[in-house]
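For the protein sequence lines, the chains are A and B, in the order given. The first sequence maps to residues 7 to 274 in this note's numbering. The second sequence maps to residues 8 to 140 in this note's numbering. Here a beta-carbon is modelled for each residue, glycine too, at the ideal position from N, C-alpha and C.
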Amino acid sequence: GFYSDNGVDQTIMYRSMPKQERNEMQQEILSLLGLHHRPNPASHAANLTSYSAPRYMIDLYETLTGDEEDVNLETVKRRYLPQPRERGELAQDYTFLTSSYFVQDADMIMSFVNQVKHEYPLRHDRDRIFRFDMSEVPLGETVLGAELRIYKNSSLDGHIENNITVNVYQLVPGIDPEDRQLVLADSYTVSHDHAGWLTFNVTQATQDWTSDAFANYGFYIQAICGHKSLEMHEASLVTRYGPEGKLPFMVAFFAAAAQSQSHVRRKR
Amino acid sequence: APRRRQESSNVAATDNYEWTTYYEYKSAQRSCQRRELYVSFKDLGWEDWIIAPDGYSAFYCYGECAFPLNARMNASNHAIVQTLVNLMKPDSVPKPCCVPTKLSAIQVLYYDKNSNVILKKYRNMIVKACGCH
């Protein structure tokens with residue numbers, strides 16, 4: 007409705023909008039937000055805030071909006087950008103995340119939850135393959151950076167005493183339509199008793215999948231100790247099942263294309 | 008919905024000013040100023056998909072850019088000239104417009120239909136200042 011002050015410190019409604027006008031007004035605001043229709047998240051969405059991805063995003067939102075006029079960039083970087091990996095822990099020298107300011111530059115930060123459920127018949131594969139639906143990413147967004155976050159518990163397996171290398175591969179089509187090839191996206195070597203989030207640079211895969219959603223076959227995760235390949239639970243990696251706050255997720259940082267604002271306006 | 012708040016007293020450009028005459032006070036009330044406009048996501052019933060914020064103070068510009076423009080109206084040089092020309096030729100030259108001169112962004116955190124969470128920055132959504140232009 008429309009409200010006005012009545013002069014004695016109260017706000018009163020002076021006109022209620024008819025339903026059709028209300029719907030049109032909502033549509034206008036949705037259009038302004040870059041949405042063609044009102045999102046209809048799962049009915050239990052409100053209860054998802056204890057899950058890792060929403061929790062991370064709420065935390066990030068609170069940090070970024072804590073002091074809107076003067077966001078402390080160092081705080082943001084310290085909390086949300088992966089810290090430089092120590093010498094000897096690097097399997098590949100990716101430095102872009104630690105030196106970039108894309109948290110500040112991003113017009114849109116989007117989290118994705120793992121969608122792999124029953125599409126792979128073998129449980130072995132279901133634990134190793136992660137797939138994130140990027141079909142909702144608006145056209146024209148430029149990928150500034152993207153990271154895959156997997157939680158690793160401290161290993162309790164007495165047989166594993168060495169470092170564990172976790173490789174993240176992007177699955178790409180092979181020569182045969184049924185084939186898949188593995189392209190190494192990022193790699194991380196940690197001590198077997200390390201506990202915490204492992205952050206992998208998956209920017210290239212995100213760029214590929216946002217430009218061609220049909221090419222999205224997901225990631226394949228491999229954990230190696232010495233020359234032995236480990237099951238995910240042997241490497242103490244949290245995959246599909248685990249505490250809500252430690253489930254794997256992906257975060258991508260996007261910038262709106264310069265010419266086309268951050269959304270496509272609907273024709274009226 | 009404009010909402011009366013404690014902080015709204017320092018919102019309008021006309022506040023905190025010593026008015027010498029009643030006429031001057033009434034004139035200032037009509038002059039170009041920023042007024043509060045609160046967009047409530049809760050009132051829209053969108054709290055199931057917008058996680059934060061509950062709403063935001065968007066503000067709007069309201070008032071007249073009439074002679075004499077002065078410092079309170081944050082007028083551009085051209086607006087001052089246009090006001091004078093309007094005085095001479097009111098039928099052919101309009102008064103300057105009371106418009107936003109400074110805008111800032113808001114960030115909205117929401118779910119999409121796949122329960123992914125999106126943090127999106129919308130530039131130029133909040134009127135920080137109004138002026139005659």
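- Per-residue DSSP class, three states only, for phenylalanine 206 (chain A): strand
- Which term fits aspartate 6 (chain B), buried or exposed, when burial requires 16 or more other beta carbons within 10 angstroms of its beta carbon? Residue 6 (chain B) is absent from the model: chain B starts at 8 and stops at 140.
- Cβ of alanine 86 (chain B) within 8 angstroms of Cβ of cysteine 68 (chain B)? No, the pair does not count as a contact, with Cβ atoms beyond the cut-off.
- Message: I need the straight-line Cα distance from leucine 188 (chain A) to phenylalanine 66 (chain B), nearest angstrom please.
- Response: 53 angstroms
- Can you give me the Cβ contacts of proline 179 (chain A) inside the same chain, cut-off strictly under 8 angstroms, excluding the 5 residues immediately before and after it? Asp185, Arg186, Gln187, Ala221, Tyr223, listed in sequence order.
- Message: Checking the sheet assignment: what are the DSSP bridge partners for glutamate 188 (chain A)?
- Response: Strictly speaking, residue 188 (chain A) in this sequence is leucine, with glutamate absent from that position. Paired residues: A:Leu177.
- Neighbour flag for glutamate 59 (chain A) against chain B, beta carbons, 8 angstroms: A small correction: the amino acid at residue 59 (chain A) is alanine; glutamate does not occupy that position in the sequence shown. Closer than 8 angstroms to some Cβ of chain B, the Cβ of alanine 59 (chain A) qualifies, so yes.
- Message: Considering only the alpha carbon of each residue, which of B:Arg37, B:Trp53, B:Tyr45 lies closest to asparagine 29 (chain A)?
- Response: B:Trp53
- Comparing alpha-carbon positions, which option in B:Lys96, B:Ile133, B:Tyr129, B:Val92 lies nearest tyrosine 45 (chain B)? B:Ile133
- If you draw a straight line from the alpha carbon of glutamate 237 (chain A) to that of valine 244 (chain A), how long is it in whole angstroms? 11 angstroms
- Message: Pairs of beta-carbons, one from the segment 125-132 of chain B and one from the segment 104-114 of chain B, closer than 8 angstroms: are there three or more?
- Response: These segments touch.
- Task: Taking only the alpha-carbon atoms, compute the straight-line gap between phenylalanine 262 (chain A) and glutamine 110 (chain A) and give it to the nearest angstrom.
- Result: Note on residue identity: the sequence assigns alanine, not phenylalanine, to residue 262 (chain A). Their backbone Cα atoms lie some 13 angstroms apart in a straight line.
- Which of the three DSSP states, helix, strand or coil, is assigned to asparagine 121 (chain B)? coil
- Task: With DSSP collapsed to three states, give me the class of glycine 138 (chain B).
- Result: strand
- Look at the Cβ atom of proline 249 (chain A), then the Cβ atom of isoleucine 156 (chain A), and state whether they are nearer than 8 angstroms. no
- Message: What does DSSP give as the partner residue(s) for serine 38 (chain B) in the beta ladder?
- Response: B:Glu71
- Message: I need the DSSP call for threonine 171 (chain A), collapsed to helix, strand or coil.
- Response: strand
- Task: Quick one: which residues of the segment 41-58 of chain B get their C-beta closer than 7 angstroms to a C-beta of chain A? List them in chain order.
- Result: Cβ contacts with chain A come from Leu51, Asp55, Trp56, Ile58.
- Contact residues within the segment 111-136 of chain B, judged by C-beta distance below 9 angstroms to chain A: Ser111, Ala112, Ile113, Gln114, Val115, Leu116, Tyr117, Tyr118, Asp119, Lys120, Asn121, Ser122, Asn123, Val124, Ile125, Leu126, Lys127, Lys128, Tyr129, Arg130, Met132
- Since threonine 108 (chain B) and glycine 138 (chain B) are thought to touch, with beta carbons under 8 angstroms apart, how far apart are those beta carbons, to the nearest angstrom? 4 angstroms
- Task: Examine chain B for any beta-carbon lying closer than 8 angstroms to the beta-carbon of tyrosine 223 (chain A), and answer yes or no.
- Result: no
- Could you check the C-alpha separation between tyrosine 57 (chain A) and serine 122 (chain B) for me, to the nearest Å? 11 angstroms
- Message: Residues in the same chain with beta-carbon distance under 8 angstroms from cysteine 104 (chain B), minus the five sequence neighbours each way, listed in chain order, please.
- Response: Non-local beta-carbon contacts of cysteine 104 (chain B) in its own chain, meaning distances under 8 angstroms to residues more than five positions away in sequence, involve Cys72, Cys139, His140 in chain order.
- Message: For arginine 134 (chain A), count the other beta carbons within 10 Å of its own beta carbon; 16 or more makes it buried, fewer makes it exposed. Which is it?
- Response: buried
- Item | Residues, ordered as in the chain, of the segment 174-187 of chain A that lie near chain B by beta-carbon distance below 8 angstroms | Of all residues in the segment 174-187 of chain A, none comes within less than 8 angstroms of chain B when Cβ atoms are compared.
- Could one say the Cβ of alanine 160 (chain A) lies closer than 8 angstroms to chain B's Cβ atoms, at least one of them? Strictly speaking, residue 160 (chain A) in this sequence is serine, with alanine absent from that position. No - not a single Cβ of chain B is within 8 angstroms of the one on serine 160 (chain A).
- Would you mind telling me which residues of chain B sit closer than 7 angstroms to valine 119 (chain A), beta carbon to beta carbon, in chain order? Ser122, Asn123
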